[in-house]
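Enquirer: For the sequence shown, counting from 1, position 631 maps to 650 in the working numbering; every step adds exactly one.
Backbone N, C-alpha and C fix where the C-beta goes; we use that ideal spot for every residue, glycine too.
Once you've had a glance at the structure underneath, I'll fire off some questions.
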Amino acid sequence: MDEQALMGLNPNADACYRQRALAYFEQLKESLDGWEVCAEALAKGFYSDDHVKFFCFQVLEHQIKFRHGSLTAAQQQLIRETLMKWLQAQLMNVHPEKPFIRNKVAQVLALTFVMEFLTLWPKFFFDILNLVGLNSNGVDIYLRTLMAIDAEVVDRDILHSPEETRRNILIKDAMREQCIPALVESWFQILQTYQHTHSELTCQCLEVVGAYVSWIDLNLIANDRFVNLLLSHMSIEELREEACDCLFEIVNKGMEPVDKTKLVETLCQVLQSAGFFSIEQEEDVDFLAKFSRLVNGMGQSLVLSWTKLSKMADVKVSAETLRAVEGKVPLMLQLLIHEDDDISANIVGFCYDYLLVLKQLSVSSRKQTWRYCSITGSYLTSAIMLAVMNKLKYDDEYNFENEGEDEAMFVEYRKQLKMLLDRLAQVSPELLLEAVHRVFNATILIVNKKVVYIHFQGLTNLVSCGVSEYQHSSVTLEFFETVVRYDKFFLVEPQHIPSVLMAFLDHRGLRHSSPKVRSRVAYLFSRFIKTLHKYMNAFIEDILRRIQDLLELAPPENGFPALLSSDDQLFVFEAAGVLIVNGESPAERKQALMRNLLAPLMEAFHMLLAKLPQEADEERQAVLADCLSHAVGFASRTSKAFSNKQTVKQCGCSEVYLDCLQTFLPALSCPVQRGPLRSAVRSFLHRMIICLEEEVLPFIPAASQHMLKDCEPRDLQEFIPLISQITAKFKNQVSPFLQEIFMPLVMAIFEVLSRPAEENDQTAALEKQMLRRSYFSFVQTIASSGMNEVMASQGAENIERVLFTIIQGAVDFPDPVAQKTCFIILSRLVELWGGKDGLVGFPDFIYKHIVPACFMAPLKPTFDLSDAQTVLTLSECTLTLHMIHLKRGLECIRFLQEYLPSLQVSPEITQELCQVLQQPDVKVLKNYMKVFQELYD
């Protein structure tokens, strides 16, 4: 072996050595016999370096995984001998190999097993068991191999091909017939031998049993000697958690309901008699978390058995199973109320399923299940409810201002508890309401500075009890979340709106000391206003005065942190707009209020825009541009308040927004920070096209001229939808403008697309693809809007250039989205210009380019009909052919009879296609074109 290359395997080696080692690895992998060098090194123990040994096993693994079928019988035998010799050598080692070496060996053995067990090596397990016996080093490799085989053959989380799935089924069937009893016996011997002396091996073996029990004969495991051995492990501190997991897998095995009930009941009786149900005496929370999971599994298994037996109408056995379920409820409650949340969370599934049982029972039988519970001194349902409400409390350590991983886990746990409350409401709504009412009346307090999570039952009490004044941020947030969640309450009780509005506007809400609270309240305030604005007419101007300082554009130079972030301000601006637009004031007053709202933005924008070109520091420029973008965004957000019933014109606000346009448009010619400024103004123009309609048109030419200067692919890509929006909305009104701008826009697109880019620059390639799509979409909008004069007026040379780009997009670029758009354009142009009175010279273009495109595109190797977009492209391609026939008639048929043979299409298929094309139902042609490619091949 290349010793210098092997030096590069050391993690601390120089980069050149590591590169050489990587190249050597690739060389050995690709070599037909290079792996034999590695096999010999492993079998004879030439190397003691762990990284070299790992390297050799990697090469061996590659051969088995990818070239096993091409190896000769002698080479396959060499692999088996190498692995067994290496394994034999381990039995003599005083110190075992490093874990990463043992794991790699297990993977190689497992791959060999998968490849050879059914054919070449049926004695795989017997050979290994005879070799290793109970040697600890050998047993370790054996157990790791079993887990690796589980990953290859059984593990459902690993995706397998249909062929691999069939192979795995055959392997499991063969294992059941030939060797599973021997494997189970080996597990028993390992567990019994090492339970007191080698806890790591014992835990490994328990993990193997748990992994295999799901698909082997359960009687091999669920018998007195094995179960007693597992239960004895429950009393050994190092083994008890793994033993719990093993018992859980046994309980989870699919079985008939009667058998499952017997198994669970037997296991429960043994565990209870051994004292495991006395959990109050157990201090090991890690073990209790595992035990809670086991009890959850047993409880859910019993509920599933009861559900199946109930459907089978087996009353007696069903009743026995129900009693078995009820017998586990006291233990379930003990685990549910445990102070450790992991222990409690692990039992929630059983609790949820048990409540489903209560829901399904009839009223008479349900009464019998509400038995007295000695743990809580209440009925079971009430006990579960109190347990859930108690567990919903936040711990003292919960960090509300800086939530981390622990807080996130608790939030997820509370979601599970919320599901239990929802289920309790279905089982006993009266009991839940009573409990919530009791908690509400008793708990709006702080006890020893411990925050209690509050569930509100009466909204009237909520808004009048003063809880919004409470200082803790979680209580404040819950108050606002609740009043907004139940905002319909205020539609029938509007007298409470003023007090809630004040809470939003003062130190409790938008001016709270916590940024987190202020941010959330800004959003909730907007929602509250949107729902209830009809009831706020008397307060509109007062609200606007109170929030005025919160709406100021915060220039970066003032040095004071704003109360609200720019994202939060968006919600408040929108709320202000909703109040103004939907108020009952006359149009003159609405205009004055809207001007008061937006004038400070315009003033600040004008001042900052003047400063921006003079600023030399790029970071400072970016900050100013960001601030300018926010100003435009705020103005744009207020326009969301308008609707078809309350238009800008009806509210008298057109003049205000036209002034905004006059103020913002100069930003398009700013020589620095073009990207963010153009994007902001472009978005504002989109809104104004909707809101101002024809009044915006005078501003479009100048804006377009600025946006086409020195533009990048993304600028053009975002500008085209703006022009398309104008085209679709105003159609013939903007025809002169479009005729003027069409070729400058097209030339700008061509210039950007022709710019060279690095071959591997995926970002640049994607930007060009998206720009190309936008361009075709723009042409489609013009063609579909009936404005053929826009293109027809561009001159013959320019028209031809544009048409060639559409043909190119339909055929040459493997982008089905763009191809589909191009065929839509071609079909439309044929409809417009393909008749007798169409564009001069266009019929020739049809036959020279459009008809060939309809056949060349589907015959491309990249035209994949398994892709949904490609299928749509073929449909549009077919419609284009159909439209050509409609416009040109028999002339089209005669052309095809001459053209198709030039593509090596047989006379029979040519004649067939021409006949199909003449059918009145286009569906026939669509279906035929789907198989044309196959017929052509």
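#1: Tell me, please, whether the segment 119 to 128 touches the segment 69 to 79 by the rule of three or more beta-carbon pairs shorter than 8 Å.
#2: Taking Leu47 as the reference, which of Ile903, Gln82, Pro141 has the closest Cα?
#3: Kindly indicate which three-state DSSP category Gly396 falls into: helix, strand or coil?
#4: Find out if the Cβ-Cβ distance for the pair Leu757, Ile801 is shorter than 8 Å.
#5: Which full runs of the alpha helix (DSSP H) of 4+ residues lie inside the segment 473 to 551, going along the chain?
#6: Helix or strand or just coil, what does DSSP make of Asn418?
#7: Is Phe832 closer than 8 Å to Glu774 when the C-beta atoms are compared?
#8: Could you check if His649 is buried or exposed, using at least 16 other CB atoms within 10 Å of its CB as the buried criterion?
#9: Just reading off the alpha helix (DSSP H) that His904 is part of, what are its end residues?
#10: State yes or no: is the C-beta of Met726 within less than 8 Å of the C-beta of Phe718?
#11: Please work out which residues of its chain come closer than 7 Å, Cβ to Cβ, to Ala364, disregarding the five sequence neighbours upstream and downstream, and give them in chain order.
#12: Identify the continuous alpha helix (DSSP H) that holds Met274 and give its terminal residues.
#13: Which first and last residues belong to the alpha helix (DSSP H) in which Ser702 is found?
#14: Measuring alpha carbon to alpha carbon, tell me which residue in Leu582, Glu275, Lys549 is nearest Lys535.
#15: In three-state terms, what does DSSP make of Thr958?
#16: Taking all protein chains shown into account, decide if Leu922 is buried (16 or more other Cβ within 10 angstroms of its Cβ) or exposed.
#17: Might you give, ordered along the chain, the residues of its own chain that have their beta carbon closer than 7 Å to the beta carbon of Arg385, omitting 5 neighbours on each side?
#18: Tell me the rounded alpha-carbon separation between Ser180 and Val173.
#19: Please report the distance separating the alpha-carbon of Glu850 from that of Ser662.
#20: Rounded to the nearest angstrom, what separates Val950 and Ser894 at their Cα positions?
#21: Do the segment 201 to 209 and the segment 258 to 276 make contact, defined as three or more Cβ pairs closer than 8 Å?
#22: Hey, would you say Thr280 sits closer than 8 Å to Leu321, going by beta carbons?
#23: Give me the Cα-Cα distance between Ser447 and His531, rounded to the nearest whole angstrom.
#24: Do Ala308 and Leu250 come within 8 Å of each other at the CB atom, strictly closer than that value?
#25: May I ask you to report which of helix, strand or coil DSSP gives Val466?
#26: For the candidate residues Val113, Asn149, Ile98, whose alpha-carbon lies nearest to that of Val124?
#27: Excluding the 5 residues flanking Cys198 on each side, which residues of the same chain have their C-beta closer than 6 Å to its C-beta?
#28: Could you give the residue range of the alpha helix (DSSP H) that holds Ser846?
#29: With a 10 Å radius around its C-beta and 16 neighbouring C-beta atoms as the bar for buried, classify Asn315 as buried or exposed.
#30: Taking only three categories from DSSP, how would you classify Cys75?
#31: Compare the beta carbon distance of Arg693 and Leu741 with 8 Å and say whether it is the shorter of the two.
#32: Does the pairing of the segment 557 to 565 with the segment 598 to 609 give three or more beta-carbon distances under 8 Å?
#33: Assuming Cys679 is part of the alpha helix (DSSP H), what are its boundary residues?
#34: Quick check on the DSSP output: the alpha helix (DSSP H) that includes Trp105 runs from which residue to which?
#35: Quick check: the segment 902 to 916 against the segment 936 to 947, are at least 3 beta-carbon pairs closer than 8 Å?
Expert: This is what the structure holds:
#1: yes
#2: By 1-based counting over the sequence shown, the position of residue 47 is 28. In terms of CA proximity to Leu47, Gln82 leads the group Ile903, Gln82, Pro141.
#3: Numbered from its first residue, the sequence shown carries residue 396 at position 377. Model confidence at Gly396 stands at a pLDDT of 31, short of 50, so the residue's coordinates are unreliable; what they give is reported in the following sentence. Residue state, collapsed to three classes: coil.
#4: The residue labelled residue 757 in the question sits at position 738 within the sequence shown. The residue labelled residue 801 in the question sits at position 782 within the sequence shown. For Leu757 and Ile801, yes; Cβs fall inside 8 Å.
#5: 478 to 483, 492 to 504, 508 to 511, 516 to 524, 534 to 551
#6: Looking up residue 418 in the sequence shown gives position 399. Asn418 falls in the coil class under three-state DSSP.
#7: On the sequence shown, residue 774 is found 755 positions in, with the first residue counted as 1. On the sequence shown, residue 832 is found 813 positions in, with the first residue counted as 1. Residue identity differs from the one stated: residue 774 is Arg in this sequence, not Glu. Going by C-beta atoms, Arg774 is not nearer than 8 Å to Phe832.
#8: On the sequence shown, position 630 is the one that residue 649 refers to. Buried.
#9: Sequence index remark: in the sequence shown, residue 904 carries index 885 (1-based). 887 to 907 is the span of the alpha helix (DSSP H), which, as asked, contains His904.
#10: Along the sequence shown, read from residue 1 onward, the residue named residue 726 stands at position 707. Along the sequence shown, read from residue 1 onward, the residue named residue 718 stands at position 699. No, these two residues do not count as a Cβ contact at 8 Å.
#11: If you number the sequence shown from 1, residue 364 lands on position 345. Around Ala364: Tyr432, Gln435.
#12: Position 255 of the sequence shown, counted from the start, is the residue given in the question as residue 274. Here Met274 belongs to no alpha helix (DSSP H), and DSSP marks it neither H nor E.
#13: To locate residue 702, count along the sequence shown from 1; it is residue 683. That run of the alpha helix (DSSP H) goes 693 to 710.
#14: Position 516 of the sequence shown, counted from the start, is the residue given in the question as residue 535. The shortest C-alpha separation from Lys535 is found at Leu582.
#15: This structure gives no information on residue 958, because the portion of the chain shown stretches from 20 to 956.
#16: In the sequence shown, residue 922 corresponds to position 903, counting from 1. Leu922 should be labelled exposed.
#17: In the sequence shown, the residue the question calls residue 385 occupies position 366. The predicted position of Arg385 is uncertain, since its pLDDT is 45 and thus under 50; a value taken from the coordinates is nonetheless stated next. Cβ within range, chain order: Leu377.
#18: Position 161 of the sequence shown, counting from 1, holds the residue named residue 180. Position 154 of the sequence shown, counting from 1, holds the residue named residue 173. Distance between the alpha carbons of Ser180 and Val173: 13 Å.
#19: On the sequence shown, position 831 is the one that residue 850 refers to. On the sequence shown, position 643 is the one that residue 662 refers to. Cα-Cα distance, rounded: 37 Å.
#20: One-based indexing of the sequence shown puts residue 950 at position 931. One-based indexing of the sequence shown puts residue 894 at position 875. Their backbone Cα atoms lie some 12 Å apart in a straight line.
#21: no
#22: The residue you call residue 280 lines up with position 261 of the sequence shown. The residue you call residue 321 lines up with position 302 of the sequence shown. Leu321 sits close to Thr280, with the two beta carbons spaced by under 8 Å.
#23: For the purposes of this step, residue 447 is taken as the residue at position 428 of the sequence shown. For the purposes of this step, residue 531 is taken as the residue at position 512 of the sequence shown. Per the coordinates, the alpha-carbon of Ser447 lies some 39 Å from the alpha-carbon of His531.
#24: Your numbering for residue 250 matches position 231 in the sequence shown. Your numbering for residue 308 matches position 289 in the sequence shown. Between Leu250 and Ala308, the gap from beta carbon to beta carbon reaches 8 Å or more.
#25: As a working note, residue 466 is residue 447 in the sequence shown. Its pLDDT being 28, under 50, Val466 is placed unreliably in this model, and the value from its coordinates should be taken loosely. The answer is strand: DSSP assigns Val466 an E or B state.
#26: Position 105 of the sequence shown, counted from the start, is the residue given in the question as residue 124. The option with the nearest alpha carbon to Val124 is Ile98.
#27: By 1-based counting over the sequence shown, the position of residue 198 is 179. Here the set comprises Phe144.
#28: For the purposes of this step, residue 846 is taken as residue 827 along the sequence shown, with counting starting at 1. It spans 835 to 852 - the alpha helix (DSSP H) in which Ser846 sits, taken as one unbroken run.
#29: Taking the sequence shown and counting its residues from 1, the one referred to as residue 315 is at position 296. Buried, since its Cβ has 16 or more Cβ neighbours within 10 Å.
#30: In the sequence shown, the residue the question calls residue 75 occupies position 56. Here Cys75 sits in helix by DSSP.
#31: Position 674 of the sequence shown, counted from the first residue, corresponds to residue 693. Position 722 of the sequence shown, counted from the first residue, corresponds to residue 741. No. Outside cutoff.
#32: Yes, they touch.
#33: Position 660 of the sequence shown, counted from the first residue, corresponds to residue 679. Cys679 -> alpha helix (DSSP H) spans 673 to 683.
#34: As a working mapping, residue 105 is identified with position 86 in the sequence shown. 92 to 109 is the extent of the alpha helix (DSSP H) around Trp105.
#35: yes
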